[in-house]
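The next block holds one structure in the form of structure tokens; read it before the comments.
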Amino acid sequence: MGIMAMGEHDEKSDNGEGEEGGFCVWDKNFGKVLKVTSKTPDGCPVAGLRIARADLRRTLVDAVEGLPGVSIRWGEGITSVTLGGSTAKGENDFQITTSKGNVVPCTLLVAADGSSSKLREFLRPDDGLHFAGPTCIYGVTSIRKHHPSKRHDEFGAAISGTGTACFVAPVDREKMMWSLSWIVPAPPTPKKRPLSEEDADALLKEAREKGNVFGENYREMLQDTEVESLTQFNAMDKQPFVHSGAYITAPGLENLNGRIIFLGDANHAVSPFAGNGANLALKDGWDFAESLAHSESLEEAIGKYDVLAVGRAKQVIRISHFSIMVMHSKGWMLWVWYVSPGNLW
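All residue numbers for the sequence shown refer to UniProt numbering, where the first residue is 1 and numbers rise by one.
Here it is in structure tokens:
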């Protein structure tokens, strides 16, 4: 796992959930159909580790800010990339301009600005996100009152057999998130926080109607949902690309090929149905750093990184599409998955 490669596993295992829990599949009445626990890989103290996003972010920020000569510019993004400029070594390469008007000369730029990457949009304008099929309504509620297993270390999906699915996962030891999803022909307009009272009520009403098959426990879960947590989003992803040839397609910036590297979701965005996006990004960062440290040239390092990153990203996206198909199956197709549990995840 990415966090172990970075040497942060021991610290994060205090805040994360180890191998006692696992991934569960529930039926429409939230009765447990199966539970999947992973085998512990060689050299790893636990089979898996779920870490709250806030805890992971804090650990990574603390590690970066502890490095000599390194700082984080909060609230400052890159607004443009242009050719020219001179580095401290006198090399004429390229420069970035930030949202605060700062101009910074560069010889290498690592783009890791997420699935909605502004740098990818600017440098690869035809390589946007693709709709994966489901739209999702998301909210946060109490674990103790509403988690199907009443556990803070189990997560998984309730599959209705009617085309809707409800994913449940702990946020921390007290709260859990739920996400109701169903397949639509085209992505609707997302509803982002903060929502007006009218929009929040409309979203809860839609969640009740779409998820009515899940019964009373589900309706109580919606009733106790923190209104400020409500949002609606669409499952989006994109295939990875390699950093060879003319991968920078923005007109006039072809000379930047080989000098701007895309990591994580900026390269290969995955939907929540992958369940592995953060780990992919961590592994990307670690593998690129190791490739740089053990290569004779930047070109060699990029080639090594691409071999590692592209294949695993394609596999994760492929598995996420399979998960989407199973979770939203109807009728006899769902029955096939239930009687063949070895096919599930």
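Every residue, glycine too, gets a C-beta built ideally from N, C-alpha and C.
DSSP beta-bridge partners of residue i
i: F262; result: A111
i: V103; result: T97
i: A165; result: I159, S181
i: I143; result: The partner list for I143 (beta bridge, DSSP) is empty, contrary to what the question assumes.
i: residue 361; result: Since the first residue shown for the chain is 1 and the last is 345, residue 361 is missing from the structure and cannot be characterised.
i: F122; result: Answer is none; F122 lacks a bridge partner.
i: Q315; result: Beta-bridge pairing links Q315 to no other residue.
i: S80; result: T97
i: F131; result: M236
i: K192; result: Note: K192 sits in no beta bridge, so no partner.
Buried or exposed by the 16-neighbour rule on C-beta atoms within 10 Å, applied to residue i
i: P148; result: buried
i: K238; result: buried
i: P125; result: exposed
i: H243; result: buried
i: E186; result: Rather than Glu, the amino acid found at residue 186 in this sequence is Ala. Classification of A186: exposed, given that the 10 Å Cβ count is below 16.
i: S71; result: exposed
i: T141; result: buried
i: L282; result: buried
i: V64; result: exposed
i: D224; result: exposed
i: L67; result: exposed
Cβ shell of residue i (< 6 Å), same chain only, five flanking positions each side left out
i: N15; result: Here N15 scores only 49 on pLDDT, less than 50, and its place in the model should not be relied on; the value that follows carries that caveat. So the list reads D55, once near-sequence residues are dropped.
i: C136; result: S179, S181, F233
i: E226; result: V140
i: D284; result: L263, G264, A309
i: I302; result: H243
i: N217; result: F30
i: P240; result: N267, H268, V310, A313
Inter-residue spacing [alpha-carbon to alpha-carbon] between residue i and residue j
i: V213; j: G133; result: 21 Å
i: residue 357; j: M221; result: Residue 357 is absent from the model: the chain starts at 1 and stops at 345.
i: M177; j: T37; result: 21 Å
i: K330; j: I143; result: 28 Å
i: K191; j: I51; result: 26 Å
i: A111; j: P170; result: 30 Å
i: T59; j: R173; result: 19 Å
i: P188; j: L298; result: 42 Å
i: I78; j: S99; result: 6 Å
Which listed residue (the options) has its alpha carbon closest to that of residue i
i: residue 352; options: G311, H146, V184, P240; result: Outside the displayed span of the chain (1 to 345) sits residue 352, for which this structure offers no information.
i: L256; options: R120, S196, S295; result: R120
i: V25; options: A63, E154, S99, S117; result: E154
i: G84; options: L298, D306, T97; result: T97
i: G163; options: K145, K210, E65, E174; result: K210
i: I260; options: F288, S271, N279; result: F288
i: V168; options: K28, A313, V316, K314; result: K28
i: K118; options: V81, K150, V103; result: V81
i: F94; options: L34, L109, G101; result: L109
Residues near residue i by beta carbon distance below 7 Å, same chain, minus five either side
i: A165; result: A157, A158, I159, S181, M327, H328
i: A269; result: S115, L129, M236, D237, K238
i: K304; result: S291, S295
Close Cβ partners of residue i (< 8 Å) along its chain, the five nearest in sequence each way excluded
i: V61; result: I72
Chain D within 7 Å of residue i, Cβ atoms only
i: V227; result: Given the protein chain composition of this structure (a single chain), no chain D is represented.
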